[in-house]
Amino acid sequence: LGLEIEADLPELDTLLVAVGGGGLIGGIAAWFAGRIRIIAVEPEGAPTLHRAFEAGRPVDAPTEGIAADSLAPKRVGEMMFPIAEAFVERSILVSDDEIIAAQAALWDRVRIISEPGGAAAFAALLSGRYAPAAGERVAVLVCGANANPAKF
């Protein structure tokens, strides 16, 4: 996926990626290996990587919230954590309400139906929890296939 993102967006500065167990962001971070900023985004109710960064190692974290079905493992993966430490700039936490607003905005603006976990990274941008610098080229990875179309 990192290769595809780089091919499509060769001038990218920053990529926002939702995190659960860390496999997706770990692979992307390993691909880019510091060439761009990688920002992790997690629900406040499931801060697995955030807690691991604070502790300096993977630790148990809460598994709650609207995105729990896709972004709430008990802890971040042991194998990816050193990659995240090396190449993920930081973790941003977003609220359930911000995730819901991001889901709605994705549908209203670009007709993308996203599961809560998939909309989490966009929630960081939409809510202002991630504020790009002037001229910064930012991409948001919207992923996941557990959307409930009945909610739209």
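In this note's numbering, the protein residues as written are 51 to 202. Positions of the beta carbon are idealized from the N, C-alpha and C atoms, including for glycine. From a predicted model like this one, the values you see are computed outputs, not experimental measurements.
With 16 or more other Cβ atoms from the protein chains shown falling within 10 Å of its own Cβ, leucine 176 counts as buried.
Counting of Cβ neighbours within 10 angstroms places leucine 191 among the buried residues, the total reaching 16 or more. In this structure, the straight-line span from the alpha carbon of proline 97 to that of isoleucine 75 is close to 14 Å. Taking each of Leu99, Glu61, Glu56 and Gly52 in turn and checking the Cα distance to glycine 185, the smallest one comes out for Glu61. For valine 160, the enclosing alpha helix (DSSP H) has its first and last residue at 146-160.
Linking glutamine 153 to glycine 95 through their CA atoms gives a straight-line distance of about 17 Å.
Within a 10 Å sphere around the beta-carbon of alanine 174 sit 16 or more other beta-carbons, which makes this residue buried.
The DSSP-derived three-state label of threonine 98 is helix.
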